[in-house]
Amino acid sequence: MGAHTLTSWVDILDTSDNFMYTLPVTADGVRIVTGGDITKSTGQTVRGQGSIDLRGEIDLLNVRFRPWREVDGVAWPLGIFVPETPDIDWSGLGAARSVGLLDKLTLLDRAKRMDEYSLPAGTVVTSAIRDLIEWTGEAATGIEVGTDVLRTPISWDRGTTVLAIINDLLDAINCFSLHVDSAGRFQVAPYVAPASRPLVVEFIHGENAQFMDEWTETRDLASVPNHFACYTAGDDETPGLMAEAYNDTPDDPLSTVNRGVVSADPEQIEATDQAVLDAYAARRLIEVGAVTRTVEIEHVPMDLQLNDAVHFVHPPSGIDGRFVVTKTVEPIDEVALQKTTLREVVG
Numbered sequence: 155m156g157a158h159t160l161t162s163w164v165d166i167l168d169t170s171d172n173f174m175y176t177l178p179v180t181a182d183g184v185r186i187v188t189g190g191d192i193t194k195s196t197g198q199t200v201r202g203q204g205s206i207d208l209r210g211e212i213d214l215l216n217v218r219f220r221p222w223r224e225v226d227g228v229a230w231p232l233g234i235f236v237p238e239t240p241d242i243d244w245s246g247l248g249a250a251r252s253v254g255l256l257d258k259l260t261l262l263d264r265a266k267r268m269d270e271y272s273l274p275a276g277t278v279v280t281s282a283i284r285d286l287i288e289w290t291g292e293a294a295t296g297i298e299v300g301t302d303v304l305r306t307p308i309s310w311d312r313g314t315t316v317l318a319i320i321n322d323l324l325d326a327i328n329c330f331s332l333h334v335d336s337a338g339r340f341q342v343a344p345y346v347a348p349a350s351r352p353l354v355v356e357f358i359h360g361e362n363a364q365f366m367d368e369w370t371e372t373r374d375l376a377s378v379p380n381h382f383a384c385y386t387a388g389d390d391e392t393p394g395l396m397a398e399a400y401n402d403t404p405d406d407p408l409s410t411v412n413r414g415v416v417s418a419d420p421e422q423i424e425a426t427d428q429a430v431l432d433a434y435a436a437r438r439l440i441e442v443g444a445v446t447r448t449v450e451i452e453h454v455p456m457d458l459q460l461n462d463a464v465h466f467v468h469p470p471s472g473i474d475g476r477f478v479v480t481k482t483v484e485p486i487d488e489v490a491l492q493k494t495t496l497r498e499v500v501g
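The numbering of the sequence shown is my numbering, which starts it at 155 and goes up by one.
Next up, the structure:
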């Protein structure tokens, strides 16, 4: 990799995400931020979490953290995070602590509806999502109101988290699960198949590669499904719906053509109509039926988002294909590299 100029800093915000101040690099000759990182993963309900190592006193109950990275003069925020209160270690340099950081989905995952929450048929899904976010005391300014409505009534048991309810509603309109963008805004995004997502970066092996020569490739062919089914519950007036998707591609050794039907567990969702249910089945077949070849690389820090599509090329290993970001570890450090896990797009 070539030489790059790297730096980082951390803003302190109030609990309404308003800027308060930037942490100084040092105070009285003691470094304030001594390390940490942010991990984001598609395999977690709350996608972002991490830690920051601090010295000095901060009122952790009434602030939020916004780390920044800058590479060669281009800066971006890593997100807005809610701190956890840690143990404090005391030394001659004063108080030191490793503060756990959780993204704002945590606030929705901690909030539970203790009523028997229900929505009638005809409810505008995105309006319900906005109402749920605002019920927790958070702003829903990133959620645009759409036109999709619930096909049938839906209800949840007492104690269901707000985040679980919202993600059920997002499944109903075939959207990605709720996420928080780098600016700390809640986001709803229609699902786009990996093969149709725009490429955001190319990782190409060679003298000017942006990633380290040492990296890991993993493949797991065991029990890869080639059939997926999902359904909706009906009621006395509206029958339930059913959708199935098959991988029947003759050239794929894992397809039904070459090894018979291998089914994934069926899922019940609240789709707004048959087209949404069909699209969800096709989406989930891609997700559960993909050959899980992944690569884990270290690279120059960059503003990568979960589910972004990238082009990864490594001629010595024979890899040249489209991958999606499933995990990234972003350092809160001036010199550390970023670690990213990529999953190959198949089909």
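Idealized CB from N, CA, C, for every residue including glycine.
Three-state secondary structure assigned by DSSP to residue i
i, result
"L286", "helix"
"Y434", "helix"
"Q459", "coil"
"S170", "coil"
"A326", "helix"
"P178", "coil"
"T426", "coil"
"G189", "strand"
"G443", "helix"
"T260", "helix"
"I320", "helix"
"P420", "coil"
Residue i versus residue j: straight-line alpha-carbon distance, rounded
i, j, result
"W163", "P221", "6 Å"
"P344", "I473", "29 Å"
"A425", "P274", "14 Å"
"D168", "N216", "6 Å"
"V334", "G233", "8 Å"
"L177", "A387", "52 Å"
"V200", "W289", "19 Å"
"N461", "F340", "16 Å"
"E224", "D457", "10 Å"
"T161", "K258", "25 Å"
"G190", "L255", "10 Å"
"G443", "D406", "11 Å"
"G197", "S331", "11 Å"
"H381", "E498", "19 Å"
"N328", "R437", "9 Å"
"I283", "K493", "33 Å"
"A181", "Y175", "14 Å"
"I287", "Q428", "28 Å"
"N412", "D322", "35 Å"
"T239", "V489", "27 Å"
"V253", "D171", "18 Å"
"G414", "P404", "12 Å"
"L144", "V279", "The question about residue 144 has no answer here: the residues shown for the chain are numbered 155 through 501."
"A363", "E421", "42 Å"
"V467", "P455", "18 Å"
"A400", "C384", "The sequence as given places Tyr at residue 400; Ala does not occur at that position. The straight-line gap from Cα to Cα measures roughly 12 Å."
"D389", "D285", "26 Å"
"W310", "A326", "14 Å"
"D243", "I486", "20 Å"
"G360", "V346", "31 Å"
C-beta atoms of residue i and residue j nearer than 8 Å
i, j, result
"V228", "I297", "no"
"D419", "T410", "no"
"G276", "V299", "no"
"P379", "I440", "no"
"H465", "L491", "no"
"F365", "I423", "no"
"T448", "L496", "yes"
"D213", "T159", "no"
"I192", "E484", "yes"
"P231", "A337", "yes"
"M268", "G313", "yes"
"E371", "S471", "yes"
"I166", "F235", "no"
"T392", "T306", "yes"
"I308", "S272", "yes"
"L353", "A463", "yes"
Touch check for the segment 256–268 and the segment 317–324: three-plus C-beta pairs under 8 Å?
yes
At a cut of 8 Å, does the segment 186–193 reach the segment 204–214 through at least three beta carbon pairs?
yes
To test your reading of the DSSP string, which unbroken beta strand (DSSP E) runs of 3 or more residues are found completely within the segment 332–417?
353–358, 370–372, 381–385 and 396–400
Inspect the CB distances between the segment 430–443 and the segment 466–481 and report whether three or more fall short of 8 Å.
no
Taking only runs of the beta strand (DSSP E) that begin and end inside the segment 193–257, which ones reach a length of at least 3 residues, in chain order?
202–209, 218–225, 228–231, 235–237, 243–245 and 248–257
Which runs of the alpha helix (DSSP H) spanning at least 4 residues fall entirely within the segment 268–314, listed in chain order?
279–289
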